[in-house]
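Here's the structure, in structure tokens; my notes come after.
Number of protein chains: 2
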Amino acid sequence: MSDSCLFCQLVKGGEHLRKADGFVAIADINPQAEVHVLVVPERHIDSFREIADFPAEEAKRMLDFIAETAKELGVRDYKVVCNVGESAGQTIFHLHWHILAGPETRRALPALALADVEGPA
Amino acid sequence: MSDSCLFCQLVKGGEHLRKADGFVAIADINPQAEVHVLVVPERHIDSFREIADFPAEEAKRMLDFIAETAKELGVRDYKVVCNVGESAGQTIFHLHWHILAGPETRRALPALALADVEGPA
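Chains A and B, in that order, are what the protein sequence lines are. Just so you know, we're using the numbering used here here: the first sequence kicks off at 19 and counts up by one. Just so you know, we're using the numbering used here here: the second sequence kicks off at 19 and counts up by one.
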């Protein structure tokens, strides 16, 4: 937990769509798709590069939480995206996952560049 | 394991960039970025929707395997993408993850639509 980390603060006190077992789901403030939700773990690691620091049970719960969140949102088809590092579009250095969906994610987003898939600026 | 599943067969006998602990990394046959590698688990589930079927240790090893593969490929910044369902771009119904990277993933792929990020057709 870092006082200067926006997502550490958001996990503690932000507007949560869901919260369970050390994970929260929040709406992306700059949505790139009809549904654009972030899944953020309470545990602070800077990026996916340090994923080995996650204990097995927590790694599993994180993946389950993502799938459960999509299901609760009522989206059947969606993309799960993690941007690793600044040049890959990561803007907040606290691991997080994007859930992106639309009525037809594949065709509905023809103009959405990979470059645009990133967290809140 | 399904006889009719391309990825079940690829895990057993394909061209592997890496193989360990029930996971393989293979080059995407239709690369959408300078580096485009797929991580495929030996365990067959149709999509990320069924991720709850993964035991904790295996879920952890899968995430670790993705990060280790990127590191071995020598890419520091990259995107990890899972397409869930046909309308989100999933073409092979055996869970798999895309690792996408380039010299500058963010700026190097301005024309690459999310729609194009999918497994081999």
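Positions of the beta carbon are idealized from the N, C-alpha and C atoms, including for glycine. Just so it is clear, the structure is predicted and the values come from calculations on it, not from any experiment.
In the displayed model, L118 of chain A falls within a strand according to three-state DSSP.
At least one C-beta of chain A is nearer than 8 angstroms to the C-beta of I69 of chain B. For C26 of chain A, the enclosing alpha helix (DSSP H) has its first and last residue at L24 to G31. Looking from the CA of I117 of chain A, the closest CA among B:L118, B:S105, B:N101 and B:G120 belongs to B:N101. The Cβ-Cβ distance between P59 of chain B and G40 of chain B falls below 8 angstroms.
A85 of chain A and I69 of chain B do touch by the CB rule: their CB atoms are close to 5 angstroms apart, below 8 angstroms. Three or more Cβ pairs drawn from the region 73-81 of chain B and the region 66-81 of chain A lie within less than 8 angstroms of each other, which places the two stretches in contact.
Counted as a single uninterrupted DSSP element, the stretch harbouring I44 of chain B is not any alpha helix (DSSP H) but the beta strand (DSSP E) occupying residues F41 to A45. For F72 of chain B, the nearest CB of chain A lies under 8 angstroms from its own CB, placing it at the interface with that chain. In the displayed model, L91 of chain A falls within a helix according to three-state DSSP. Proximity to A88 of chain B across B:H114, B:H62, B:V55 and B:S105 peaks at B:V55, based on C-alpha coordinates. For H54 of chain A, the beta-bridge partners assigned by DSSP are A:L118. For R36 of chain B, the enclosing beta strand (DSSP E) stretches over residues R36 to A38.
Scanning A:E33, A:N48 and A:H62 for the CA closest to the CA of C23 of chain A turns up A:H62. With a beta-carbon spacing of about 4 angstroms, A119 of chain A and V53 of chain A fall inside the 8 angstroms limit used to define contacts. Around V29 of chain A, the same chain offers V42, V58 and E60 as residues with beta carbons nearer than 7 angstroms, after the five sequence neighbours per side are excluded. By the neighbour-count criterion, in which 16 or more other beta carbons inside 10 Å mark a residue as buried, I47 of chain B falls on the exposed side. Judged by DSSP secondary structure, N101 of chain B falls within the beta strand (DSSP E) whose first and last residues are Y96 to V102.
The CB of L56 of chain A never comes closer than 8 angstroms to any CB in chain B; the least such distance is about 14 angstroms. The C-alpha of L91 of chain A is placed about 37 angstroms away from the C-alpha of G92 of chain B.
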